[in-house]
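J.: In case it helps, our numbering puts the sequence shown at residues 106 to 313. Even glycine gets a Cβ: it sits at the ideal position worked out from N, Cα and C.
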Amino acid sequence: MDVYSIREQAGEKLYHQKPIQADVVVGVPDSGIPAAVGYAKASGIPFKPILIKNKYIGRSFIVPSQEMREKLVNLKLNPILQEIKGKRVVIIDDSIVRGTTSKRLVDIFRKAGALEVHFRSASPPIIAPCFLGIDTPKKDDLISAHNDTEAVRQMLGVDTLDFLSMESLKQILGGHGYCYGCFNEQYPVEPIDRQLFDGYKELVLNLD
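1. List the residues that DSSP assigns as beta-bridge partners of D198.
2. How long is the line joining the alpha carbons of V130 and K123, rounded to whole angstroms?
3. Counting pairs of Cβ atoms below 8 Å between the region 189-200 and the region 212-225, do you hit three or more?
4. Where does S165 fall in DSSP's three states?
5. Can you tell me whether Y120 is buried or exposed? The criterion is at least 16 other CB atoms within 10 Å of its CB, across all chains shown.
6. Contact check, F288 vs P229 under 8 Å by CB: the rounded distance?
7. Please name the residue or residues paired with Y183 in a DSSP beta bridge.
8. As a quick exercise: from F152, L261, I239 and K153, pick the residue whose alpha carbon is nearest that of G204.
9. Could you give the first and the last residue of the continuous alpha helix (DSSP H) run that contains T265?
10. Among residues of its own chain, excluding the 5 on either side of E117, which ones have a beta-carbon nearer than 8 Å to its beta-carbon?
11. Going by the CB atoms, is the gap between T265 and V202 shorter than 8 Å?
12. Since A115 and L278 are thought to touch, with beta carbons under 8 Å apart, how far apart are those beta carbons, to the nearest angstrom?
13. Alpha carbon to alpha carbon, how far is D135 from Y285? Give it in angstroms, no decimals.
14. Among the candidates Q291, S226 and G238, whose CA atom is the shortest distance from the CA of S273?
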């Protein structure tokens with residue numbers, strides 16, 4: 106099964122988990138777009154590519170400082186404002202890590218005159234770091250690590266929020282043999298000492 110198909114199915118599942126009425130579905134480029142297409146197919150709500158991505162800006166969640174992350178989000182994603190005003194908007198992203206990109210996007214859509222802003226994550230809540238190859242933040246920096254969905258909804262300032270459930274994710278993948286460590290802290294192999302891991306990351310980030 107290809108990644109695009111998995112993400113599209115995630116979008117379909119997201120709609121069926123918590124259906125809402127809206128005017129437009131927006132995918133956060135690039136990885137949020139397949140899920141947005143799937144959500145639009147399942148809901149009948151039109152998908153519009155109204156977020157324009159600056160291809161020269163990388164992933165914001167791996168940048169060391171919060172101030173720099175917020176600046177990068179402002180540079181990275183630019184909406185077509187006339188497509189937002191007076192609309193009920195559903196924003197679909199592949200995941201919510203720190204919440205920086207999500208919060209800034211919601212602020213942008215609110216200021217552009219969106220009537221309602223709903224947010225959907227095409228992955229379950231990320232509650233733990235990855236020790237097996239993805240440079241995710243420390244646990245305390247993950248917005249879902251110590252907050253439930255309602256608390257995250259309030260922090261982001263959205264009308265509704267939903268994450269893909271673990272049950273839905275496993276149905277899409279169709280079996281075992283996958284790592285869900287960042288969702289449930291159950292890793293397929295014992296990670297290295299976590300304090301040592303976090304200390305190493307701090308050392309690397311503080312190097313001149």
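T.: According to the structure shown:
1. Answer by DSSP bridge pairing, in chain order: S226.
2. Straight-line Cα distance between these residues: approximately 14 Å.
3. Yes, the region 189-200 is in contact with the region 212-225.
4. Because S165 carries a pLDDT of 46, less than 50, the predicted location of this residue cannot be relied on, and no value is offered for it.
5. Y120 is buried by the Cβ-count criterion.
6. For a cut-off of 8 Å, the C-beta gap from F288 to P229 is around 4 Å, short enough to register as a contact.
7. Tyr is not the amino acid found at residue 183; the sequence shown has Asn there. Bridge partners of N183 according to DSSP: I157.
8. Nearest option by C-alpha distance: L261.
9. Taken as a continuous stretch (DSSP letters only), T265 belongs to no alpha helix (DSSP H), being part of the beta strand (DSSP E) at T265 to F268.
10. The residues G143, Y144, K146 and A147, in chain order, have a CB closer than 8 Å to that of E117 in the same chain once the five nearest residues on each side in sequence are set aside.
11. V202 places its beta carbon 8 Å or farther from that of T265.
12. A Cβ-Cβ distance of about 10 Å is found for the pair A115 and L278, leaving them out of contact under the 8 Å criterion.
13. Answer to the nearest angstrom: the Cα atoms are 22 Å apart.
14. When Q291, S226 and G238 are compared, the shortest CA-CA separation from S273 is found for S226.
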